[in-house]
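J.: Below are the structure tokens for one structure; questions will follow.
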Amino acid sequence: MKRPRRQFLKLAAGAVALPLVPCAAGTQSYPTRPVRWIVPSAAGGSPDIVARLMAERVSEGLGQSLVIENRPGAGGNLGAEAVARAAPDGYTLLFVTSTNMINVTLYEKLDFNLIRDIAPVAGINRVPFVMEVDPSFPPKTVPEFIAYARANPGKTNFASAGNGTVQHVCGELFKMMTGVDMVHVPYRGAAAALTNLMSGEVQIMFDALTPSSIDYIKAGQVRALAVTTATRSEALPDTPSIGDFVTGYDASASGGVGVPKNTPLTIIERLNAEINAALADPRIRARLADLGGIALPGSPADFATLIADDTTKWGKVVKYAGVKGE
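Its first residue numbered 3, the sequence shown is counted upward by one per residue in the working numbering.
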């Protein structure tokens, strides 16, 4: 009997997270030189900021520098492939993001496989999104928005930071679960999308719940209808969740650390311990909250399960919407 895809992904991710590889000589003294951490996006973006915040604290625990290397390109695939092809010795890490999980289905032909070739080490953070509209847009609640979109099919435009981005698939998940007809308008980055939302050129956006987005909401430049997580956010306590009206809707972006497959388990455990120690630091947790994120401590198996679950969920959305990688 064939196993469901979701169950297969969980089993595969779990197997990668716990590689049955003999411990090489010298792993107990790991690391003996600086460790390279590849962030598959440009400097200054959210993953880069989080990675640099964590790198400083994790470096202290490791006793060696954790050097950030930005490797953008091909929607994050260039950086991920570089890690997949690196030596499994613990000296090359990947900042794994939801983009990597979306790309598994978004791109039909990749020269690596995220589930097979990257061993999960630890989660770092999860970032909620917020469903926000142009203030002049008539609907003021999620039910009103759904009713409006159904009464005006194809006349509501939703902005995103680009084709296949988390903002895009959050909107497509909403369409899939509510049956509304919205037109996707991709921009080159979240800032451009938000600018056009505030100018009224588009009506809705699923934006990362960051300090800047909260400021725009409080200033009345955009109107928040709901947060995308299953429960309300402490950052916007008076704003409901989409799940209050659309049963089962839950969407966010997550980040963590991965290494090449066959990396010795002792190294994975060492990295996991140092990352979790950093996440237990009140200063780090507070800074992650300032950046709009929620700390995501746990075991390699926990992160493997998250990757498998999100890969499955976003895969269904990408197929439903017919989205293709550019």
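Note that the Cβ used here is the ideal one computed from N, Cα and C, for glycine as well. Fair warning: this is a prediction, and the values are worked out from it, not measured in the lab.
1. Counting beta carbon pairs with one atom in the stretch 200–211 and one in the stretch 86–102, are three or more of them shorter than 8 angstroms?
2. Would you check if the distance between the CB atom of D119 and the CB atom of A86 is smaller than 8 angstroms?
3. Would you mind reading off the limits of the beta strand (DSSP E) that contains I244?
4. Under 8 angstroms by Cβ, that's how I've got F208 and G250 pegged, so tell me the actual separation to the nearest angstrom.
5. DSSP three-state label for T265, please.
6. Can you give me the C-alpha to C-alpha distance between Y218 and V224, rounded to a whole angstrom?
7. With a cut-off of 8 angstroms on the beta carbons, I'd call V320 and I244 a contact; round off their distance for me.
8. I need the DSSP call for E83, collapsed to helix, strand or coil.
9. Using the beta-carbon count (16 or more within 10 Å), is K111 buried or exposed?
10. Would you be able to state if there are at least three C-beta pairs under 8 angstroms between the stretch 152–164 and the stretch 290–306?
11. So, under 8 angstroms CB-CB, I40 and G81 are touching, yes? Tell me the CB distance rounded to an integer number of Å.
12. At what residue ranges does the stretch 40–124 contain a whole run of the alpha helix (DSSP H), taking only runs of 4 or more?
13. Mapping DSSP to helix, strand and coil, what is P130?
14. Put V204 into one of helix, strand or coil per three-state DSSP.
15. Decide if the stretch 230–242 is in contact with the stretch 128–144; the criterion is three or more beta carbon pairs, one per stretch, under 8 angstroms apart.
16. Should P140 be labelled buried (16 or more other beta-carbon atoms within 10 Å of its own) or exposed?
17. Could you tell me the distance, in whole angstroms, from the CA atom of I126 to the CA atom of G257?
18. What residues in its chain sit with their C-beta under 8 angstroms from that of N198, if we drop five residues either side in the sequence?
19. State whether the stretch 276–294 contacts the stretch 100–114, with contact taken as three or more CB pairs (one from each stretch) at a distance under 8 angstroms.
20. Measure the C-alpha to C-alpha separation of S215 and Q30 and round it to an integer number of angstroms.
21. Can you name the residues that DSSP bridges to T1?
22. Taking the Cβ atom as the reference point for each residue, do L108 and G327 lie within a distance shorter than 8 angstroms?
23. Under the three-state reduction of DSSP, which class applies to L227: helix, strand or coil?
24. Closest to P36 by C-alpha separation, out of S48, V52, A45, G65, would be which residue?
25. Look at the alpha carbon of G166 and the alpha carbon of N105, and state the distance between them as a whole number of angstroms.
26. Our contact map puts P90 next to T265 with C-beta atoms below 8 angstroms; I'd like the distance itself, whole angstroms only.
27. What does the alpha-carbon distance come out to for the pair V248 and V182?
28. Which same chain residues end up closer than 6 angstroms to Q169 when comparing Cβ atoms and leaving out the 5 residues on each side of it in sequence?
29. At the level of alpha carbons, what is the spacing between A195 and P33?
30. What residue does the beta strand (DSSP E) around T143 start on, and which one ends it?
31. To which residues of the same chain is T233 closer than 8 angstroms at the C-beta, ignoring the five residues directly before and after it?
32. Just to check my reading of the structure: P74 and A44 have Cβ atoms closer than 8 angstroms, yes? What is that Cβ distance to the nearest angstrom?
T.: The relevant details are as follows:
1. no
2. If you number the sequence shown from 1, residue 119 lands on position 117. If you number the sequence shown from 1, residue 86 lands on position 84. Result yes, Cβ atoms of D119 and A86 sit closer than 8 angstroms.
3. Position 242 of the sequence shown, counted from the start, is the residue given in the question as residue 244. Note, I244: premise wrong, no beta strand (DSSP E); not H, not E.
4. The residue given as residue 208 occupies position 206 in the sequence shown. The residue given as residue 250 occupies position 248 in the sequence shown. Incorrect: roughly 16 angstroms between the Cβ atoms, too far for contact.
5. For the purposes of this step, residue 265 is identified with residue 263 of the sequence shown, where counting begins at 1. Looking at T265 - three-state DSSP - the assignment turns out to be coil, as it is neither helix nor strand.
6. Residue mapping note: residue 218 aligns to position 216 of the sequence shown, counting from 1. Residue mapping note: residue 224 aligns to position 222 of the sequence shown, counting from 1. One alpha carbon belongs to Y218, the other to V224, and they sit about 6 angstroms apart.
7. On the sequence shown, position 318 is the one that residue 320 refers to. On the sequence shown, position 242 is the one that residue 244 refers to. Not really, about 19 angstroms apart at Cβ, beyond 8 angstroms.
8. Sequence index remark: in the sequence shown, residue 83 carries index 81 (1-based). Residue state, collapsed to three classes: helix.
9. Translated into positions along the sequence shown, residue 111 becomes position 109. Classification for K111: exposed.
10. no
11. Indexing the sequence shown from 1 puts residue 40 at position 38. Indexing the sequence shown from 1 puts residue 81 at position 79. For a cut-off of 8 angstroms, the C-beta gap from I40 to G81 is around 5 angstroms, short enough to register as a contact.
12. 48–64, 79–86, 100–108, 116–119
13. Here residue 130 refers to the residue found at position 128 when the sequence shown is read from its first residue. Here P130 sits in strand by DSSP.
14. The sequence position of residue 204 within the sequence shown is 202, counting from 1. Three-state DSSP puts V204 in coil, outside helix and strand.
15. Look at the beta carbons and you see the stretch 230–242 touching the stretch 128–144: at least three pairs across the two are nearer than 8 angstroms.
16. The count along the sequence shown starts at 1 and reaches residue 140 at position 138. Burial call: exposed.
17. Here residue 126 is taken as the residue at index 124 of the sequence shown, counted from 1. Here residue 257 is taken as the residue at index 255 of the sequence shown, counted from 1. Going from the Cα of I126 to the Cα of G257 covers about 6 angstroms.
18. As a first step, residue 198 is located in the sequence shown; it is residue number 196 there, counting from the start. So the list reads A161, V187, Y189, V204, once near-sequence residues are dropped.
19. no
20. Taking the first residue of the sequence shown as position 1, residue 215 is located at position 213. Taking the first residue of the sequence shown as position 1, residue 30 is located at position 28. Taking the straight line joining both Cα atoms gives about 45 angstroms.
21. With the chain covering only 3 through 328, there is no way to say anything about residue 1.
22. By one-based count along the sequence shown, residue 108 stands at place 106. By one-based count along the sequence shown, residue 327 stands at place 325. The Cβ atoms of L108 and G327 lie closer than 8 angstroms to each other.
23. Start at 1 with the first residue of the sequence shown, and residue 227 comes out as number 225. The answer is strand: DSSP assigns L227 an E or B state.
24. Your numbering for residue 36 matches position 34 in the sequence shown. Among S48, V52, A45, G65, the Cα nearest to that of P36 belongs to G65.
25. Here the question's residue 166 lines up with position 164 in the sequence shown. Here the question's residue 105 lines up with position 103 in the sequence shown. Those two C-alpha atoms are separated by around 8 angstroms.
26. Within the sequence shown, residue 90 is the residue found at index 88, counting from 1. Within the sequence shown, residue 265 is the residue found at index 263, counting from 1. Under the criterion of beta carbons closer than 8 angstroms, P90 and T265 qualify as touching, at roughly 4 angstroms.
27. Translated into the one-based positions of the sequence shown, residue 248 becomes position 246. Translated into the one-based positions of the sequence shown, residue 182 becomes position 180. Computed Cα separation, rounded: 12 angstroms.
28. Numbered from 1 along the sequence shown, position 167 holds the residue referred to as residue 169. Excluding sequence neighbours, Q169 sits near S162, A163, F208.
29. Numbered from its first residue, the sequence shown carries residue 195 at position 193. Numbered from its first residue, the sequence shown carries residue 33 at position 31. Approximately 42 angstroms between the Cα atoms of the pair.
30. On the sequence shown, position 141 is the one that residue 143 refers to. Premise fails: T143 is in no beta strand (DSSP E) and is neither H nor E.
31. On the sequence shown, residue 233 is found 231 positions in, with the first residue counted as 1. So the qualifying residues of the chain are S243, G245.
32. The sequence position of residue 74 within the sequence shown is 72, counting from 1. The sequence position of residue 44 within the sequence shown is 42, counting from 1. That belief holds up - the Cβ atoms of P74 and A44 are roughly 5 angstroms apart, short of 8 angstroms.
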